[in-house]
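Structure, as structure tokens:
Numbering (UniProt numbering), first residue to last: 1 to 248.
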């Protein structure tokens, strides 16, 4: 079947057509911006029969190289009816074409093809969800087993880092800042219960303040670094095992 008018498929599995392309094929003399609202008055409903879209198109004006053009994605039933409304040879040709598209789309072969594609996509999606949720649950369980305060050194070990590396990373991510050798959380994180400060006496009789992380703070770091693509060693090993099993 020769493609007279471009057809696409939206997320709902419907065949859709560009209103502007149909307007051009039908050789309608009325400008599109006037023609389409007139066609809508035949009883078509926005977000059901059509949706408003826009696209950038190049111009010949160096000062304004692009312009935004309004278009509409219309459903196949609407496209067929608009073609019939024109009462022209072009309209008849377009309607017959859309009937062929509809028949092909609803053929047993295409229905089966779409079902297999959906099933394959769903399997891939479930595998990704499982790969994300399982390691996360394992790490959460591991963290929640402890109710003690932790030094940054202990958390850094989860990621194969040194305390200095993790401190600097959290500083770069606008989580904490260093004041006189002690790390403090920036205000947006300061009242979340992520850290606890302890004042420790030194041998010389003075005092020094140390920052310790709570379980909620440790999990905050986990979520933060995960969005940066950095995972604890525990998860990396588990994900590697899952990948190897999947490849086998």
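Virtual Cβ for every residue (Gly too), placed ideally from N, Cα, C.
- Message: Please state the DSSP three-state secondary structure of residue 15.
- Response: strand
- Query: With a cut-off of 8 angstroms, do at least 3 Cβ pairs link the region 83-101 to the region 46-53?
  - Reply: no
- CB residue 155 to CB residue 167, shorter than 8 angstroms? no
- Going along the chain, which residues of its own chain have a beta-carbon closer than 7 angstroms to the beta-carbon of residue 58, five neighbours each way excluded? 65, 66
- Message: My output table needs one value for residue 173: the three-state DSSP class, helix, strand or coil.
- Response: The answer is coil: DSSP assigns residue 173 none of H, G, I, E or B.
- Message: With distance defined between alpha-carbon atoms, name the residue in 230, 88, 22, 112 nearest to residue 5.
- Response: 22
- CB contact flag (residue 220, residue 186, <8 angstroms): no
- Query: Can you give the Cα-Cα distance for residue 246 and residue 29, rounded to whole angstroms?
  - Reply: The predicted position of residue 246 is uncertain, since its pLDDT is 45 and thus under 50; a value taken from the coordinates is nonetheless stated next. Here the C-alpha atom of residue 246 lies approximately 59 angstroms from the C-alpha atom of residue 29.
- the region 93-109 touching the region 32-40, judged by at least three CB pairs closer than 8 angstroms: no
- So, using beta-carbon positions, are residue 214 and residue 182 closer together than 8 angstroms? no
- Task: Helix, strand or coil for residue 55, going by three-state DSSP, please let me know.
- Result: strand
- Message: What does the alpha-carbon distance come out to for the pair residue 234 and residue 226?
- Response: 13 angstroms
- Could you tell me the distance, in whole angstroms, from the CA atom of residue 217 to the CA atom of residue 32? 58 angstroms
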